[in-house]
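In mature numbering (1 follows the signal peptide of the UniProt record, and there is no 0), the protein residues as written are -15 to -1, 1 to 387. Even glycine gets a Cβ: it sits at the ideal position worked out from N, Cα and C. Note that this is a predicted model, so its numbers are computed, not measured.
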Amino acid sequence: MRFVETLALVPLVLAAPRPMRRSALAPLIVPRDAQLVEGSYIVRMKAEAAEQSISSTMELLSAPPAFTYTDAFNGFAGSLTPEELETIRANPDVEEVEQDALVSMFESPQQDADWGLARLSDNKPGGTTYTFDNSAGEGTCAYVIDTGVDASHPDFEGRAKMLKSFVRGGGETDDHGHGTHVCGTIASKTFGVAKKAKVFGVKVLDASGGGSNSVVMAGMDFVTKDARNQTCPKGAVANMSLGGTKSKAINAAAEAMIKSGVMLIAAAGNDGKDAVDYSPASTPGACTIGATTIDDKLASYSNIGSMVDVLAPGSNITSTWMNGETKTISGTSMAAPHVAGLAAYFLGMGQKKEGLCEFMAKNSLKDVIKGVPTDTVNLLIHNKANNGTRGPLEAEAEAEAE
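#1: Excluding the 5 residues flanking residue 453 on each side, which residues of the same chain have their C-beta closer than 6 Å to its C-beta?
#2: To the nearest angstrom, how far is the alpha carbon of A252 from that of N236?
#3: Considering only their Cβ atoms, is the gap separating D140 from G122 smaller than 9 Å?
#4: Measure the C-alpha to C-alpha separation of G229 and D78 and round it to an integer number of angstroms.
#5: Terminal residues of the continuous alpha helix (DSSP H) containing S304?
#6: How would you label N214, buried or exposed, when you count the other beta carbons within 10 angstroms and need 16 or more for buried?
#7: Only counting the same chain, and skipping five residues up and downstream in sequence, which positions put a Cβ closer than 7 Å to that of M242?
#8: For G275 and I302, what's the separation of their Cα atoms in angstroms?
#9: So, for N348: in the same chain, excluding its five sequence neighbours on each side, which residues have a beta-carbon less than 7 Å away from its beta-carbon?
#10: Hey, which unbroken runs of the alpha helix (DSSP H) at 4 residues or more fall wholly within the segment 319 to 364?
#11: If you reduce the DSSP assignment to three classes, tell me which class C217 lands in.
#12: Give me whichever residues DSSP pairs with I130 in a beta bridge.
#13: Alpha carbon to alpha carbon, how far is E30 from I73?
#14: Does DSSP put N59 in a helix, in a strand, or in coil?
#15: Does the separation of the CB atoms of I39 and A62 fall below 9 Å?
#16: For a quick check, are the C-beta atoms of I14 and A234 less than 9 Å apart?
#17: With C-beta atoms as the reference, is S199 less than 9 Å away from V22?
#18: Taking its Cβ as the centre, do 16 or more other Cβ atoms sit within 10 Å of A386, making it buried, or is it exposed?
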């Protein structure tokens, strides 16, 4: 009888929960040379972690997480005490923890006339006419992860939409202007490369043009999910004219977005340094963009190196601004949307999204930019409209670059 009682206890012993600990703590990543956000962390869970484990991990926090990530990868971001940080790092379902860091847009204001559009269809600098196939990116969507967009600007002709803001108290519109400028270079009537594409604003930077990795990742996570539900029969691209020092978390979110089918265009950065040390510019699979000037020189501020895929006009670029205005500014922030627009343009012509960055590199003007170091490509993007490249309609339109 006592033997039977002992056996009856066995299931109870086996069913007792084991403490969730690991032999070594999950890695804690601190971005180098970054402005860190004190006490704020990004927690990336393992891909195989159960939803219940993720929920129970978040319940350990004394304050609710600021953001939860479900599409780019499983995880969350928020404020952690030192004790909470150690407990979370001991969880075997946690892949890694990264301290949050500040990011910013890559632009600086300058006052001069626009020229970038014309350079995309001319074989030599100095032109004033932009020649393009009249498919003009129709059927494509461009997500702009930035300061938002002034969708009411008349130059968008109703093709711009503000989708989501992740800036607390920032409002559902662009209160800086940078995002509207980027959207205009991609798809506005006057300044846009792809004049029939739709542009979507996803706000992750505040009125000063600043933000943090955790907020930017919330925008990336949103785009990864939203792109599955939008009507973009010819494809979707995402433009990120922002960044900071290298972040494994940002790069992981970027890779997930690319894997979902959204082409990512990333500004290389404005410090004249190697883009390999910046995110999302250093993401494998992203199309990373350096900047050029009106006289076909590499912009002095442009980041360089092996991560740069192509070059595009970036200095003294005029485009749309908030409150229905226009503005001329410079930076790799301005170069990237030329490429995002060109990607939408080629997608609209029927080009496949797979290998599109390589396709644009192949069709670029080669070795025409002065001052490019040997470790950086000398490839200036070009739409080939003056070289016989045509879309399904076999027609072209002309617009004076203003």
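Short version:
#1: Outside the shown range of the chain (-15 to 387) lies residue 453, about which nothing can therefore be said.
#2: 14 Å
#3: no
#4: Per the coordinates, the alpha-carbon of G229 lies some 28 Å from the alpha-carbon of D78.
#5: Not the alpha helix (DSSP H): S304 falls in the beta strand (DSSP E), residues 302 to 305.
#6: exposed
#7: So the qualifying residues of the chain are A57, M205, V208, T209, A223, L249.
#8: 14 Å
#9: H367, K369
#10: 341 to 347
#11: coil
#12: V187
#13: Here residue 30 is Met; the residue named in the question, Glu, does not match the sequence. Those two C-alpha atoms are separated by around 10 Å.
#14: Correct three-state label for N59: coil.
#15: no
#16: yes
#17: yes
#18: In this prediction, A386 has a pLDDT of 41, which is less than 50 and means its spatial position is unreliable; what the coordinates show is noted afterwards. Buried: at least 16 other Cβ atoms inside 10 Å.
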